[in-house]
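K.L.:
Sending over a structure as structure tokens; questions will come in a sec.
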Amino acid sequence: MSPLYERSIQIIKEGQSSTGAYIASPNFPTYSYCWLRDGSFIAHAMDQASEFDSARVFFHWVGSTIQKYSKKIDEIEHRLDNGIPIGKDDVLHTRFTLDGKEVTEDDAWGNFQIDGYGTWLWALAEHVRLSGDNALLLELVEPIHTTLRYLDLVWRLPNYDCWEEHPEYIHAYSLATVFAAFNSMNSLMDQLLIPSNEIPLRKRAMEVREFILTHAVSDGYMCKHIKPSRQIKVSAPVIQSGVDSSMIGLVVPYQVFSPDDLVMQMTIAKIERDLLRPGGGVYRYRADVYYGGGEWILLTAWLGWHYARMGRIREAQVLQNWIERQMTSEGYLPEQVSEHLLAPDHYEAWLNKWGPIASPLLWSHAMYVILVNEIKKAKQNE
Ligand code: BGC
375 MSPLYERSIQ IIKEGQSSTG AYIASPNFPT YSYCWLRDGS FIAHAMDQAS
425 EFDSARVFFH WVGSTIQKYS KKIDEIEHRL DNGIPIGKDD VLHTRFTLDG
475 KEVTEDDAWG NFQIDGYGTW LWALAEHVRL SGDNALLLEL VEPIHTTLRY
525 LDLVWRLPNY DCWEEHPEYI HAYSLATVFA AFNSMNSLMD QLLIPSNEIP
575 LRKRAMEVRE FILTHAVSDG YMCKHIKPSR QIKVSAPVIQ SGVDSSMIGL
625 VVPYQVFSPD DLVMQMTIAK IERDLLRPGG GVYRYRADVY YGGGEWILLT
675 AWLGWHYARM GRIREAQVLQ NWIERQMTSE GYLPEQVSEH LLAPDHYEAW
725 LNKWGPIASP LLWSHAMYVI LVNEIKKAKQ NE
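Take 375 as the starting number for the sequence shown in this note's numbering and just add one per residue.
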């Protein structure tokens, strides 16, 4: 086992607050909060590494944080029922301070991002599957129901994507997390592990899947953005946004589609053509300018995760090796590496704005831990 594996677990443990929250990055002030998106993948990595206690405390932190703000949902329902616009602070936020409060220092942040709410329920279901900790579901029954109700109300609304951009659109990735939340909670309810609620979850999951298929596919592959419907015009894919590596999520882990579905085969092939550098790493999307648009560690691991699931072990291993080569002398994995920038002219401006690229990024370490475990499992199944 590479030393990076143990180091990654250590960095994640050091980055977990006594409250249970995982800091996105301890060395990058802008990321000194806990994102539900990053945190859920980090918890899943800890589950894969059999560090169940760490994941359990995180889920409790999420549960109490969501309940603190759950009253907002009545107001959202009222506004939606009466055609009153939803303001930026009426929604549940995407990131919180480590003691579970909304971040008020930066008023301009795009707080309306629904994917973290889908991802935490997916990760929670995985935690129960891997650890057998059924009791946790009853401890968290209120935030589970709150989240399902929230997602049921908002999933068709435009909101920020998983890169915190394009609030004017709906996103295939975010919808995939909603599908996984509805689907996984429905199956736990069928097993009588959680009391059911009034939402027909199975039916809703199918509606979300159908929505993605009808509105996000163009030219045979999955587009990342969907333009919401306005009056008589129906929702439509935003073709110029192109493909995005986060589309891997539609197959693994959210299983909205099978990897054998033609549209996903075409989408992954396009990601490999447009966004994978030979031997690694992986870009987010071609027009990325954030820190000049480098290759992301977590996306390289994500593609490797897909390869491992497909039995493409050698290719997964190549990506694991690439990630290991990116480790700094402190044993850190950054958010992205800048050797082959897509938009080098933009690098300096970000450096001046927020300082050097976040490193270590806990989500990068988490995805590496997941990849190592997935390759191990794939080898056992060979
Ligand atoms: C990324 C988000 C991530 C956040 C914290 C942002 O730059 O776009 O996906 O959740 O950083 O890591």
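Every residue gets a Cβ at the ideal spot worked out from N, C-alpha and C, and that includes glycine.
Regarding Ala398 and ligand 1, is the C-beta to nearest heavy atom distance less than 6 Å?
P.N.:
Here residue 398 refers to the residue found at position 24 when the sequence shown is read from its first residue. Indeed, a heavy atom of ligand 1 lies less than 6 Å from the Cβ.
K.L.:
Output the residue ranges of the alpha helix (DSSP H) runs that lie fully inside the stretch 541 to 588 and measure 4 residues or longer, sorted by chain position.
P.N.:
Those alpha helix (DSSP H) runs which fall completely within the stretch 541 to 588 and span 4+ residues are 546 to 564.
K.L.:
What does DSSP give as the partner residues of Arg660 in its beta bridges?
P.N.:
The count along the sequence shown starts at 1 and reaches residue 660 at position 286. Paired residues: none, contrary to the question.
K.L.:
Is Glu538 helix, strand or coil when you go by DSSP?
P.N.:
In the sequence shown, the residue the question calls residue 538 occupies position 164. Residue state, collapsed to three classes: coil.
K.L.:
Taking DSSP as the reference, what is the three-state secondary structure of Glu500?
P.N.:
On the sequence shown, position 126 is the one that residue 500 refers to. Helix.
K.L.:
Whose C-beta lies closer than 6 Å to the C-beta of Leu498 among residues of the same chain, with five residues either side of it excluded?
P.N.:
One-based indexing of the sequence shown puts residue 498 at position 124. Around Leu498: Phe433.
K.L.:
Using beta-carbon positions only, say whether Ser620 and His599 come within less than 7 Å of one another.
P.N.:
The count along the sequence shown starts at 1 and reaches residue 620 at position 246. The count along the sequence shown starts at 1 and reaches residue 599 at position 225. In this structure, His599 does not lie closer than 7 Å to Ser620 by Cβ.
K.L.:
Along the chain, where does the alpha helix (DSSP H) containing His599 start, and where does it finish?
P.N.:
Stepping through the sequence shown from its first residue, residue 599 is reached at position 225. Not the alpha helix (DSSP H): His599 falls in the beta strand (DSSP E), residues His599 to Lys601.
K.L.:
For Gly654 versus Trp696, is the C-beta spacing smaller than 7 Å?
P.N.:
Sequence index remark: in the sequence shown, residue 654 carries index 280 (1-based). Sequence index remark: in the sequence shown, residue 696 carries index 322 (1-based). Yes, the pair counts as a contact, with Cβ atoms nearer than the cut-off.
K.L.:
Taking 6 Å as the cut-off, does the CB of Tyr405 come closer than this to any heavy atom belonging to ligand 1?
P.N.:
Indexing the sequence shown from 1 puts residue 405 at position 31. Indeed, a heavy atom of ligand 1 lies less than 6 Å from the Cβ.
K.L.:
Work out the CA separation of Gly457 and Leu636 for me, nearest whole Å.
P.N.:
If you number the sequence shown from 1, residue 636 lands on position 262. If you number the sequence shown from 1, residue 457 lands on position 83. Cα-Cα distance, rounded: 39 Å.
K.L.:
May I ask you to report which of helix, strand or coil DSSP gives Met741?
P.N.:
Working through the sequence shown from its first residue, we reach residue 741 at position 367. Reduced to three states, the DSSP call for Met741 is helix.
K.L.:
Report the rounded CA-to-CA distance for Ala675 versus Arg686, giving the unit in angstroms.
P.N.:
For this step, residue 675 is matched to residue 301 along the sequence shown. For this step, residue 686 is matched to residue 312 along the sequence shown. Roughly 13 Å between the two C-alpha positions.
K.L.:
Using the three-state DSSP reduction, which class does Tyr681 fall into: helix, strand or coil?
P.N.:
Working through the sequence shown from its first residue, we reach residue 681 at position 307. If DSSP states are grouped into helix, strand and coil, Tyr681 belongs with the helices.
K.L.:
Which residues bound the alpha helix (DSSP H) around His418?
P.N.:
The residue labelled residue 418 in the question sits at position 44 within the sequence shown. His418 -> alpha helix (DSSP H) spans Leu410 to Gln422.
K.L.:
What residues match up with Arg469 in a beta bridge as DSSP calls it?
P.N.:
On the sequence shown, residue 469 is found 95 positions in, with the first residue counted as 1. DSSP lists Trp409 as partners of Arg469.
K.L.:
Does DSSP put Ala610 in a helix, a strand or coil?
P.N.:
Translated into positions along the sequence shown, residue 610 becomes position 236. Correct three-state label for Ala610: strand.
K.L.:
Is Tyr547 near Gly623, with beta carbons less than 7 Å apart?
P.N.:
Translated into the one-based positions of the sequence shown, residue 547 becomes position 173. Translated into the one-based positions of the sequence shown, residue 623 becomes position 249. Yes, the pair counts as a contact, with Cβ atoms nearer than the cut-off.
K.L.:
Just the Cα atoms here: how many angstroms apart are Phe415 and Met640?
P.N.:
One-based indexing of the sequence shown puts residue 415 at position 41. One-based indexing of the sequence shown puts residue 640 at position 266. The straight-line gap from Cα to Cα measures roughly 26 Å.
K.L.:
By Cβ distance, which residues of its chain are closer than 6 Å to Glu542, with the 5 residues on each side in sequence left out?
P.N.:
One-based indexing of the sequence shown puts residue 542 at position 168. Taken in chain order, the residues that qualify are Pro532.
K.L.:
Can the beta-carbon of Asp535 be found less than 7 Å from the beta-carbon of His519?
P.N.:
Stepping through the sequence shown from its first residue, residue 535 is reached at position 161. Stepping through the sequence shown from its first residue, residue 519 is reached at position 145. No, they are not a contact pair.
K.L.:
Indicate the three-state DSSP secondary structure (helix, strand or coil) for Tyr396 in the structure shown.
P.N.:
Here the question's residue 396 lines up with position 22 in the sequence shown. Of the three classes helix, strand and coil, the one that applies to Tyr396 here is strand, per DSSP.
K.L.:
Suppose contacts are defined by Cβ-Cβ distances below 7 Å. Is Ser399 in contact with Ala740 by that definition?
P.N.:
Taking the sequence shown and counting its residues from 1, one reaches residue 399 at position 25. Taking the sequence shown and counting its residues from 1, one reaches residue 740 at position 366. In this structure, Ala740 does not lie closer than 7 Å to Ser399 by Cβ.
K.L.:
For Leu514, report the span of its alpha helix (DSSP H) as first-last.
P.N.:
For this step, residue 514 is matched to residue 140 along the sequence shown. That residue, Leu514, is in no alpha helix (DSSP H); it is neither H nor E in DSSP.
K.L.:
At what residues does the alpha helix (DSSP H) containing Glu476 begin and finish?
P.N.:
Counting from 1 along the sequence shown, the entry for residue 476 is found at position 102. That residue, Glu476, is in no alpha helix (DSSP H); it is neither H nor E in DSSP.
K.L.:
Less than 8 Å between the CB atoms is what I'm expecting for Met638 and Val625, so what's the real figure, rounded?
P.N.:
Locating residue 638 in the sequence shown gives position 264, counting from the first residue. Locating residue 625 in the sequence shown gives position 251, counting from the first residue. Yes, Met638 and Val625 are in contact; Cβ-Cβ is about 5 Å, under 8 Å.
K.L.:
Under 7 Å, do Trp496 and Leu410 count as touching if we go by C-beta distance?
P.N.:
Taking the sequence shown and counting its residues from 1, the one referred to as residue 496 is at position 122. Taking the sequence shown and counting its residues from 1, the one referred to as residue 410 is at position 36. The answer is no: Cβ separation not under 7 Å.
K.L.:
Could you please give me the residues that DSSP links to Glu669 through a beta bridge?
P.N.:
Numbered from 1 along the sequence shown, position 295 holds the residue referred to as residue 669. DSSP lists Val711 as partners of Glu669.
K.L.:
Check whether the Cβ of Trp483 lies closer than 6 Å to any heavy atom of ligand 1, and answer yes or no.
P.N.:
Mapped onto the sequence shown, residue 483 falls at position 109. False, no ligand heavy atom lies under 6 Å from that Cβ.
K.L.:
Do three or more CB pairs link the stretch 451 to 467 to the stretch 476 to 486 at distances below 8 Å?
P.N.:
yes
K.L.:
Check whether the stretch 466 to 475 touches the stretch 377 to 387, counting contact only when three or more Cβ pairs, one atom from each stretch, lie closer than 8 Å.
P.N.:
no
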